[in-house]
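Just below is one structure, and these are the notes that go with it.
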Amino acid sequence: MSSLPFHDLHFQALTPQSLEDLMRIEESVYAKPWTRGNFLDAMKNNNWCQLLMNEGELTGYFVAMMGFQEVHLLNLTVAPSYQKRGLGLHMLQCLGMMSQTVNAEWIWLEVRVSNARALEVYEKFGFRKVGERKNYYPLTTNKREDAIIMSYRL
0 MSSLPFHDLH FQALTPQSLE DLMRIEESVY AKPWTRGNFL DAMKNNNWCQ
50 LLMNEGELTG YFVAMMGFQE VHLLNLTVAP SYQKRGLGLH MLQCLGMMSQ
100 TVNAEWIWLE VRVSNARALE VYEKFGFRKV GERKNYYPLT TNKREDAIIM
150 SYRL
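Counting in numbering that gives the first Met the number 0, the sequence shown tops out at residue 153, every number present.
Okay, structure coming up:
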């Protein structure tokens with residue numbers, strides 16, 4: 000963490016009160032963003048919903064679901080003004096440490112085939128492409144996009 004140019008970088012759990020700031024970022028980053036209901040369901044289902052804060056400002060977040068000996072990363076987002084500064088990798092490190100505390104052996108995720116920036120971050124962290132899901136993500140009313148399935152062995 001010392002290589003990151005931040006002074007007060009820390010994680011805190013997502014709460015209904017902090018959802019407004021998160022939704023502003025989610026809607027600014029994605030053409031098809033998660034809904035408020037998606038995040039509320041994630042909290043209700045006891046998924047890991049972690050906010051990455053710096054000096055009181057939300058810089059990014061991730062949502063992950065625990066399974067038997069594995070964790071599934073559902074959403075990892077860095078605020079536009081904080082992108083390309085190592086925060087995605089920092090959140091993946093935190094997710095890896097959290098996953099080890101529940102004895103997970105793998106972290107899994109899906110990512111849009113067109114999301115080159117995310118693919119680069121995941122591969123840099125050590126994720127490997129293991130398959131594809133055809134027509135997984137919605138694009139427009141009549142079009143869908145494939146997902147790349149990636150895994151990381153803890």
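Just so it is clear, CB atoms sit at the ideal spot from N, CA and C, and this is done for glycine as well.
For this session: Take the Cβ of M149 as the centre, count every other Cβ of all protein chains shown within 10 Å, and call the residue buried at 16 or more, exposed below.
Result: Position 150 of the sequence shown, counted from the start, is the residue given in the question as residue 149. Answer is buried; the Cβ neighbour count reaches 16.
Exercise. Which of the three DSSP states, helix, strand or coil, is assigned to L142?
Worked result: Translated into positions along the sequence shown, residue 142 becomes position 143. Rather than Leu, the amino acid found at residue 142 in this sequence is Lys. Of the three classes helix, strand and coil, the one that applies to K142 here is coil, per DSSP.
Exercise. Do three or more CB pairs link the segment 75–89 to the segment 47–62 at distances below 8 Å?
Worked result: yes
For this session: Rounded to whole angstroms, what's the CA-CA distance from L73 to E109? Just pull it up for me.
Result: Here residue 73 is taken as the residue at index 74 of the sequence shown, counted from 1. Here residue 109 is taken as the residue at index 110 of the sequence shown, counted from 1. One C-alpha to the other measures close to 8 Å.
Exercise. DSSP on L13, reduced to helix/strand/coil?
Worked result: Position 14 of the sequence shown, counting from 1, holds the residue named residue 13. L13: coil per DSSP, three-state reduction.
For this session: Kindly provide the ranges of any alpha helix (DSSP H) runs that are 4 or more residues long and lie completely inside the segment 77–140, ordered along the chain.
Result: 86–100, 115–124
For this session: Kindly indicate which residue of A12, E144, G125, G130 has the alpha-carbon position closest to the one of A63.
Result: By 1-based counting over the sequence shown, the position of residue 63 is 64. Residue A12 is the option with its Cα nearest to A63.
Problem set entry | Close beta carbons around F126, own chain, < 8 Å, minus the five adjacent residues each side | Position 127 of the sequence shown holds residue 126. Cβ within range, chain order: I106, L108, M149, S150, Y151.
Exercise. Can you list, in chain order, the residues of its chain whose CB lies under 6 Å from that of K133, leaving out five sequence neighbours each side?
Worked result: Residue mapping note: residue 133 aligns to position 134 of the sequence shown, counting from 1. Correct list, in chain order: D145.
For this session: Figure out for me which residue from Q82, R116, L51, N46 has the closest Cα to the Cα of S98.
Result: Residue 98 sits at position 99 when you count from the first residue of the sequence shown. When only C-alpha atoms are compared, the closest one is N46.
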